[in-house]
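Numbers given in this note's numbering equal positions in the sequence shown, counted from 1, plus 17.
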Amino acid sequence: MQKLTAAFILSLSLLTVTSAFLSSLPNVTSNEISLDFPESATYRVTVTSDADITSVVLEYGNEQQTCGEVIAKAFPQFTPGKTVEAEWTWEMRQSGSLPPGAQLWWRWRVTDANGNETVTETKTAIWLDDIHDWQTLNNGDSQGVRLHWYEGDQTFATDLAKAAYDGLLFNETQSGLEAETPIDIYIYANTDDLQEAILYEPSWTGGQAFPDQDIVILGVSTSELDWGSKTIVHELTHVLVGHLTFSCLGDVPTWLNEGLAVYSEGGLDEASQQQLEDAIQNDTLLTVRSLSGGFSEVADKAYLSYSQSYSVTKFLIETYGQAKMTSLLIALRDGLTIDEALIQTYGFNIDGLEDAWRGAIGAQPRPVPAQPTAQPTPTFVPTIVPVSGVPLSVQATPNAIPTSSFVSQPTATPVPNRPPIGLTLILLALCCVFLLLIGVIVVGVFVRSQNRKGGNNG
Ligand SMILES: [Zn+2]
Numbered sequence: 018m019q020k021l022t023a024a025f026i027l028s029l030s031l032l033t034v035t036s037a038f039l040s041s042l043p044n045v046t047s048n049e050i051s052l053d054f055p056e057s058a059t060y061r062v063t064v065t066s067d068a069d070i071t072s073v074v075l076e077y078g079n080e081q082q083t084c085g086e087v088i089a090k091a092f093p094q095f096t097p098g099k100t101v102e103a104e105w106t107w108e109m110r111q112s113g114s115l116p117p118g119a120q121l122w123w124r125w126r127v128t129d130a131n132g133n134e135t136v137t138e139t140k141t142a143i144w145l146d147d148i149h150d151w152q153t154l155n156n157g158d159s160q161g162v163r164l165h166w167y168e169g170d171q172t173f174a175t176d177l178a179k180a181a182y183d184g185l186l187f188n189e190t191q192s193g194l195e196a197e198t199p200i201d202i203y204i205y206a207n208t209d210d211l212q213e214a215i216l217y218e219p220s221w222t223g224g225q226a227f228p229d230q231d232i233v234i235l236g237v238s239t240s241e242l243d244w245g246s247k248t249i250v251h252e253l254t255h256v257l258v259g260h261l262t263f264s265c266l267g268d269v270p271t272w273l274n275e276g277l278a279v280y281s282e283g284g285l286d287e288a289s290q291q292q293l294e295d296a297i298q299n300d301t302l303l304t305v306r307s308l309s310g311g312f313s314e315v316a317d318k319a320y321l322s323y324s325q326s327y328s329v330t331k332f333l334i335e336t337y338g339q340a341k342m343t344s345l346l347i348a349l350r351d352g353l354t355i356d357e358a359l360i361q362t363y364g365f366n367i368d369g370l371e372d373a374w375r376g377a378i379g380a381q382p383r384p385v386p387a388q389p390t391a392q393p394t395p396t397f398v399p400t401i402v403p404v405s406g407v408p409l410s411v412q413a414t415p416n417a418i419p420t421s422s423f424v425s426q427p428t429a430t431p432v433p434n435r436p437p438i439g440l441t442l443i444l445l446a447l448c449c450v451f452l453l454l455i456g457v458i459v460v461g462v463f464v465r466s467q468n469r470k471g472g473n474n475g
């Protein structure tokens, strides 16, 4: 009976402790976002509470594949009081821009002087301009793509979507690349419109893939349906490759990524085919190893880089089969270098591949360098740092794979991010103090009940 009483008092005390923490949480009365595309997104919140509000923190980001869980935080300035309005602006020029169609998410964490904390539900918004009258062609998610466009009739959109479906099917059957989630394709009416929607991209960018966000953007006028149909497939392939090989460990060499994209487009046009044949005749082929990093900035060399990448990739797929191509990509995902991945899959390294490929296309043997050449690494996109708060390292690092590349092709490598050790220790210490406090209360209650028990017996 006494034990029961003690337990009852104990639970009462715990209830009191808990309810002190639950009482009168700060109340969020408005919580909005306004977009100034493509420059900035502004988050606004209004909160009231019984006690002065002492902390207002915005947690935000965008949906994308990341290596680690990262929450960016912003600490807007505000005047403490029982009613507080706070706002914070995400400046895309400072953080690196997001692709049109990216999904933003955010929530507010508000604390008052009593230590009561409210965390709002996570809200989302689509990062897209409102100057164009966007329409969506959606034949169901099972089709693998959603096409968004604003100029040109339904037939134009349907034709582009058809090219996209065919491209997905080709990739699935010929290269073993499958779409896991629907890919959003945004068709701008021309390159100028596309340029206005993205910051920083080179002026020749006609299309771009963002594998981490399942987004492809293209500038296609209604008179460029043929080019658009090919380019859509090219960029979709980059998304598929990015998905299959996503990890924090490995990189896909540029020749393989671009080779797969050109292969799925349907191969080389006449001029590129001729250029490749000339290079074979004149023994001016580039080494495959040199195509693992960024492509040349010299136009002729850049074109040849694409053509050769295509030729090498085609050789691998058509000689050894689609299943082995999938194995190669998975080995790269798992962190093997391209040499290791090739040896594991085909039994030869990159030089062995080049020898076999040169033999198959009737080229001269590979020039053997006096010194072994180092493996060029893909170019990295710089890590993005937000205006305030925790470094936003995984944020907004688009896997930029422009269509007609005359500059090196960046491959984003997200960096895992952890909270600072100092903060972790402080939180740990606070936890301990809190547990200790509960412990003291529990022991106090127990001792008191034991004392009473002793008194009764005496
Ligand atoms: Zn490409």
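For every residue, glycine included, the Cβ atom is placed at its ideal position computed from N, Cα and C.
Item: When Ile148, Gly283, Ala174 are compared against Val162, the one with the closest alpha-carbon; Value: Ala174
Item: Own chain partners of Leu333 with C-beta closer than 7 angstroms, once the 5 adjacent residues on each side are dropped; Value: Met342
Item: Candidates Ile297, Val256, Leu293, of which the one nearest Tyr323 by Cα; Value: Leu293
Item: For Asn274, the first and last residue of its enclosing alpha helix (DSSP H); Value: 271-282
Item: Contact test: Pro97 Cβ vs ligand 3 heavy atom, cutoff 6 angstroms; Value: Ligands displayed in this structure: ligand 1; ligand 3 is not among them.
Item: Ligand 1 heavy atom lying under 6 angstroms from the CB of Glu314; Value: no
Item: Contact under 7 angstroms by Cβ, Gly118 with Ile232; Value: yes
Item: Any alpha helix (DSSP H) of 4 or more consecutive residues that is wholly inside the segment 226-314; Value: 242-261, 271-282, 287-298
Item: DSSP-derived helix/strand/coil call for Leu164; Value: strand
Item: Near ligand 1: Glu371 beta-carbon under 6 angstroms from a heavy atom; Value: no
Item: Straight-line Cα distance separating Val74 from Ile88; Value: 12 angstroms
Item: Span of the alpha helix (DSSP H) around Asp201; Value: No alpha helix (DSSP H) contains Asp201, which is instead part of the beta strand (DSSP E) from 200-205.
Item: Heavy atom of ligand 1 within 6 angstroms of Glu275 beta-carbon; Value: yes
Item: Beta-carbon proximity check, Gln361 vs Ala348, cutoff 7 angstroms; Value: yes
Item: Candidates Asp53, Ala91, Asp67, of which the one nearest Arg110 by Cα; Value: Asp53
Item: Whether Thr59 touches Asn44 by CB criterion (7 angstroms); Value: no
Item: DSSP three-state assignment for Trp144, whether helix, strand or coil; Value: strand
Item: Alpha-carbon spacing of Thr222 relative to Leu115, whole angstroms; Value: 15 angstroms
Item: CA-to-CA distance, Leu266 to Ala288, given in whole angstroms; Value: 37 angstroms
Item: CA-to-CA distance, Leu216 to Gly113, given in whole angstroms; Value: 8 angstroms
Item: The segment 261-281 contacting the segment 308-317, beta-carbon criterion three pairs below 8 angstroms; Value: yes
Item: Alpha-carbon to alpha-carbon, Glu195 and Asp226; Value: First, the residue type needs correcting, since residue 226 is Ala and not Asp in the sequence shown. When rounded, the distance between both Cα atoms is 16 angstroms.
Item: DSSP three-state assignment for Gly85, whether helix, strand or coil; Value: coil
Item: Bridge partner(s) assigned by DSSP for Asn44; Value: Thr65
Item: Ala58 Cβ short of 6 angstroms to ligand 1 heavy atom set; Value: no
Item: Alpha-carbon spacing of Ala68 relative to Lys90, whole angstroms; Value: 24 angstroms
Item: According to DSSP, residues forming a beta bridge with Gly78; Value: Trp122
Item: Cβ-Cβ separation, Leu177 to Ser246 (assumed contact under 8 angstroms), whole Å; Value: 6 angstroms
Item: Per-residue DSSP class, three states only, for Ser36; Value: In this predicted model, Ser36 has a pLDDT of only 47, less than 50, meaning its place in the structure is not dependable enough to derive any value.
Item: Extent of the continuous alpha helix (DSSP H) run through Thr336; Value: 316-337
Item: Environment of Trp123 [buried if 16+ CB atoms lie within 10 Å]; Value: buried
Item: C-alpha gap between Thr478 and Ile50, whole angstroms; Value: Nothing can be reported for residue 478: it is not among the residues displayed for the chain, which extend from 18 to 475.
Item: Pro382 burial status per 10 Å Cβ neighbour count (16 or more: buried); Value: exposed
Item: Gln152 in three-state terms, based on DSSP; Value: strand
Item: Sub-7 angstroms separation of Ser72 and Thr128 beta-carbons; Value: yes
Item: Distance between beta carbons of Tyr205 and Gly236, contact taken as under 8 angstroms; Value: 4 angstroms
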